[in-house]
Amino acid sequence: MANTTWSRRHIISLIDLVAEEYETILKTAASFREVLSRRTKKVPALQGKVVANMFFEPSTRTRSSFELAAKRLSADILNFSPGTSSLTKGETILDTAKTYLAMGADIMVIRHKQAGVPLTIAKAMDDLGAGVSVLNAGDGQHEHPSQALLDLFTICSLLDSKDPRLELLKGKKIAIVGDILHSRVARSNIWSLTAAGAEVHLAGPPTLLPKLFSEMVEDDRAKLLKLDWQLEPALKNADFVMTLRLQKERMNQNLLPSLQEYHRLYGITRDRLELCRSGVQILHPGPVNRGVEISSDLMDDPQLSLISQQVTNGVAVRMALLYLIGSTKS
Amino acid sequence: MANTTWSRRHIISLIDLVAEEYETILKTAASFREVLSRRTKKVPALQGKVVANMFFEPSTRTRSSFELAAKRLSADILNFSPGTSSLTKGETILDTAKTYLAMGADIMVIRHKQAGVPLTIAKAMDDLGAGVSVLNAGDGQHEHPSQALLDLFTICSLLDSKDPRLELLKGKKIAIVGDILHSRVARSNIWSLTAAGAEVHLAGPPTLLPKLFSEMVEDDRAKLLKLDWQLEPALKNADFVMTLRLQKERMNQNLLPSLQEYHRLYGITRDRLELCRSGVQILHPGPVNRGVEISSDLMDDPQLSLISQQVTNGVAVRMALLYLIGSTKS
Amino acid sequence: MANTTWSRRHIISLIDLVAEEYETILKTAASFREVLSRRTKKVPALQGKVVANMFFEPSTRTRSSFELAAKRLSADILNFSPGTSSLTKGETILDTAKTYLAMGADIMVIRHKQAGVPLTIAKAMDDLGAGVSVLNAGDGQHEHPSQALLDLFTICSLLDSKDPRLELLKGKKIAIVGDILHSRVARSNIWSLTAAGAEVHLAGPPTLLPKLFSEMVEDDRAKLLKLDWQLEPALKNADFVMTLRLQKERMNQNLLPSLQEYHRLYGITRDRLELCRSGVQILHPGPVNRGVEISSDLMDDPQLSLISQQVTNGVAVRMALLYLIGSTKS
């Protein structure tokens, strides 16, 4: 593996990740992607270590990706099922985490519907002097760092498959379209993409894209973030379009008139891509509502859709993250 | 392992399996059964390969059997839980399959309550040029090939434990008794047993055994298939009796008067076995309703019941199937 | 591992465990705890063996502990999920066990809400001549041997970390406080602690601690067991205090007025520990209702609470139990 200088024990948020850290992640993920193309796809990097998959919010896709990443690093995995857990018996989340710590967990991969839970656990573990690492696998509407990092890796790899690096994104324009308000994926991507010097143009209906998002990024990165309630300005000359999953319960909350109406105004279609730069490609964190966020034919077009590559790269990026934080334990 | 000439990428149905393929499966399963009798029961045949257990219809028994088979071949396993999956978020089954493909699945073991799902996924994967293999672990009332193959292996092994082969079944009579209409196990067994030249005699109540079953098999194999609404003609001189699980919801559907009535007419008992050839043995795919399909004492009689051997052979046969299709990937 | 003379195939109850067996377990667990402190925490002791985790009653904590123990012994694990199992299809528990036996299970770790199920399965397996081992992971209100053994190991290790042995407990006083009536943990601990020659003083409200408990232990161990409906006599000069989980459904059963009232009368607090011997330490099987069985600050005090050590030792003790019974199979 890369001779790194990684020192961060937890990965909770991308807000303060620095360029050197992004580069280390990209480089490490690239080396693991190479491992995944071999006949024997395993490395002994985390042999004997225990990765606890603590998905308080159920998930198959992200959990499977982390599970496979951990297996390919030869770690042992403990899967936590909230439905049958002590939580239903009144135990606090922190006590559950302490139990996994005492059992011998080296890394806790945590998803929770409430923002802040992974950070709270990470701080509590540090206060105990535990060497355990916490990786945020999605917390409420806060952040989903591994998703944004796999998006970054996918885009950079497309620009230079041999040497994906941050500077490749400088001056590129990425449109993020949809329900920004409720999206932890959008928030994490805003941090990573502006850190790379890319222009990030948010687009969505006013109910799902409050004006205050335009003030999310400060300093010299502030000018990289734009916001529009119309789709067209965001798509114009975009190099990449990232659509977000629209959750159907938003209808019941009166935030949207109908899925048809949403698709009419914000759905990504072949016609609309005419506005973008030639060679534009589309990302989506999945699962996709076909015909809502994106037209069905676009999604299946390997020339335009990066969705499969995102999933594939997800395993390599998560291997990199587990490897990097798993090696900080003293 | 056997020096095979296996070329089939998917195992979806037994309808067109040819004698040479059956022989390869029997021979390979026999060699794996030998592995299972060793102290160390593992072989590195699928090391680094990923088997995705995609049981859209819940199952413990068949899933565990495939999981153990995959582990003993040293594969990595991804377990999919429909309850917590993206399917509940509106993703299509095909998109779920593509996600597992993108994550690196080499073999997808698929069970679904709708007939045709494994075939649909296999075709879609081939259209994408993916080298992934699909193994049907039971689709609706269509087929359950691995069950029929373990039944075949169990019967042939009984006739010659060292060299189980298709010709041993020639001229043997197998009675299949019960709810043929709703049984994917019966359908797959009809293909395999008639391919081996055995006489297959179906018996069950008219509501659960429509006349058209007698026309299921064509050509020279047609004369091997018989059908009766009475139990006695089927049992007469039978070498093997295969009873099928009776699902209790058939009562509510007015297809049966009562479980007692069913047992009185079609239940396998010690008395009724007098009609069969001496040395007759009983198969059941499990789980059994004791006292309904079969009397409780018969089920527990190791001289008469092959149920435990079926389960044990199931692991060896599934190892064989995973190994054979897992080696076709280019 | 220790050169043992272990001959017990199943671990169902501690009622008749003899001193030599306790010593073997303590010694073996100590050697595995040493393994767990190494960089590579795995040993090949159960390579190729299959441990079936049959938790008919859901559990995350105990199941994870057994799973990790089995993984660190290099065993293959089959997880059984009652929700999706054949049990919902009418199969008997014994037939489920026979299925796992036929699949190749070497050890069955069984939890069931009904007392006696692990014993019934163990007897049935022996009657079949199966070499399989059964380990009771908690059956109704009967016993939870692995919990009591990890409690024993935790206490003995505290008294002599290098050489935890039974005699260290001679003359020590242990208070067991709370809902004794419904506690399988209390029952198993009464057997192990009195076998070690410790004084066991039970305390709890009359509704949850019937008088007949004072007659549970016979012979010369009878004088070691005391019972009080007041907390103070039990705590007086206690060396260890073991609090039990209070299940909230006891309120609805009119066995308790309120959680507050319970805490006021039987909750362990810093003040009350003044009654105990200096250096007293607290155990709890978890999960804890903070502020009910024990005050929140006590629970988090590493000088007083042994809860984390219990969890950590649980993995080592379960490795020892799986190893010992896994080696009896002929």
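Chains as they are written, first to last, in our numbering: chain R, 84 to 413; chain S, 84 to 413; chain B, 84 to 413.
Note that beta-carbon positions come from the ideal geometry of N, C-alpha and C, so glycine has one too.
Bear in mind the structure is a predicted one, so any value in this text is a computation, not a measurement.
When the Cα of GLY362(S) is compared with those of LYS256(S), THR277(S), ARG373(S), LEU339(S), which residue comes out closest?
When LYS256(S), THR277(S), ARG373(S), LEU339(S) are compared, the shortest CA-CA separation from GLY362(S) is found for LYS256(S).
Note down, in chain order, all residues in the segment 179-201 of chain B with a beta-carbon under 7 Å from any beta-carbon belonging to chain S.
LYS181, THR182, ALA185, MET186, GLY187
Grab me the residues of PRO289(B)'s own chain with a C-beta within less than 8 Å of its C-beta, minus the 5 sequence neighbours each way, in chain order.
So the list reads TRP312, once near-sequence residues are dropped.
Here's a check: name, in chain order, each residue in its chain whose Cβ is nearer than 7 Å to the Cβ of VAL118(R), leaving out the five neighbours to either side.
For VAL118(R), the CB contacts under 7 Å within the same chain, skipping 5 residues up- and downstream, are LYS124, VAL126 in chain order.
Sufficient close CB pairs (3 or more, under 8 Å) joining the segment 172-192 of chain B to the segment 209-229 of chain R:
no
For the alpha helix (DSSP H) that PHE115(S) lies in, which residues bound it at each end?
102-119
If ARG267(S) and ASP234(S) are in contact, beta carbons under 8 Å, what's the gap, nearest whole angstrom?
That pair is no contact at about 13 Å.
From the DSSP secondary-structure annotation, give me the bridge partner or partners of ARG194(B).
PHE138(B)
Quick one: what does DSSP say VAL260(S) is sitting in, helix, strand or coil?
Three-state result, VAL260(S): strand.
Against chain R, does SER413(S) count as a neighbour if the rule is that its beta carbon must be under 8 Å from one of theirs?
Because the pLDDT of SER413(S) is 49, which lies under 50, any placement of that residue in the model is unreliable, and the number read from its coordinates should be weighed accordingly. Taking Cβ atoms only, chain R never reaches closer than 8 Å to SER413(S), which makes this a no.
Judging by CA-CA distance, which residue of SER388(B), MET402(B), CYS239(B), LEU307(B) is the nearest neighbour of VAL371(B)?
That would be SER388(B), whose Cα lies nearest to the Cα of VAL371(B).
Contact list for GLU150(B) against chain R, beta-carbon separation under 8 Å
LEU161, listed in chain order.
Residue closest to VAL134(R), alpha-carbon to alpha-carbon, out of THR143(R), ALA152(R), GLY254(R), ARG144(R)
ALA152(R)
Interface flag, LYS154(B) vs chain R, CB-CB below 8 Å:
yes
Local conformation of ALA281(S) per DSSP, three classes:
coil
Which partner residues does ILE351(R) have in the DSSP bridge list?
ILE377(R)
Locate the alpha helix (DSSP H) running through PHE296(S), then write down its first and last residues.
Taken as a continuous stretch (DSSP letters only), PHE296(S) belongs to no alpha helix (DSSP H), as it is neither H nor E.
Among residues of its own chain, excluding the 5 on either side of ILE377(R), which ones have a beta-carbon nearer than 7 Å to its beta-carbon?
In chain order, THR326, GLY350, ILE351, ILE365, HIS367, VAL371 place their CB closer than 7 Å to the CB of ILE377(R), counting only its own chain and leaving out the 5 sequence neighbours on each side.
Stretch pair the segment 232-249 of chain R + the segment 198-205 of chain R: three plus CB contacts closer than 8 Å
no
If the criterion is Cβ atoms closer than 8 Å, does the pair LEU109(S) and LEU405(S) meet it?
One thing to note: LEU109(S) has its Cβ no nearer than 8 Å to the Cβ of LEU405(S).
Verify the CB distance criterion: does SER147(S) have a CB-CB separation below 8 Å to chain B?
yes
Which of the three DSSP states, helix, strand or coil, is assigned to LEU407(S)?
Three-state DSSP puts LEU407(S) in a helix.
Going by DSSP in three states, ASN337(S) sits in which element: helix, strand or coil?
coil
In the DSSP assignment, find the unbroken beta strand (DSSP E) run with SER361(S) in it and report its ends.
Counting along the chain, SER361(S) falls outside any beta strand (DSSP E), and DSSP gives it neither H nor E.
GLU332(B) touches chain S at which residues, Cβ-Cβ below 7 Å?
Under the 7 Å cutoff, chain S gives no residues; its nearest Cβ is about 26 Å from GLU332(B).
Beta-carbon gap between ARG91(B) and GLU103(B) smaller than 8 Å
no
Is any beta-carbon of chain S found at less than 8 Å from that of VAL126(B)?
no
Through-space distance from LEU291(R) to LEU338(R), alpha-carbon basis
7 Å
Closer than 9 Å by beta-carbon distance: list the chain S residues that pair up with ARG267(R), in chain order.
Near ARG267(R) there are no residues of chain S at all, since even the closest Cβ is about 15 Å away, more than 9 Å.
What number of angstroms, rounded off, separates the C-alpha of TRP89(R) from the C-alpha of ARG248(S)?
59 Å
ASN372(B) - DSSP class collapsed to helix/strand/coil
Looking at ASN372(B) - three-state DSSP - the assignment turns out to be coil, as it is neither helix nor strand.
Quick one: using the 10 Å Cβ neighbour count with 16 as the cut-off for buried, is GLN392(R) buried or exposed?
buried
Does the separation of the CB atoms of ARG355(B) and LEU318(B) fall below 8 Å?
yes
With 8 Å set as the bound, which would you pick, yes or no: does the beta-carbon of LEU342(R) sit closer than that to a beta-carbon of chain S?
no
Can we count PHE149(R) as close to the ligand GDP, meaning its CB is less than 7 Å from some heavy atom?
The ligand GDP is not part of this structure, which contains no ligands at all.
Is there a Cβ from chain B that is less than 8 Å from the Cβ of GLU174(R)?
It does; some Cβ of chain B falls within 8 Å.
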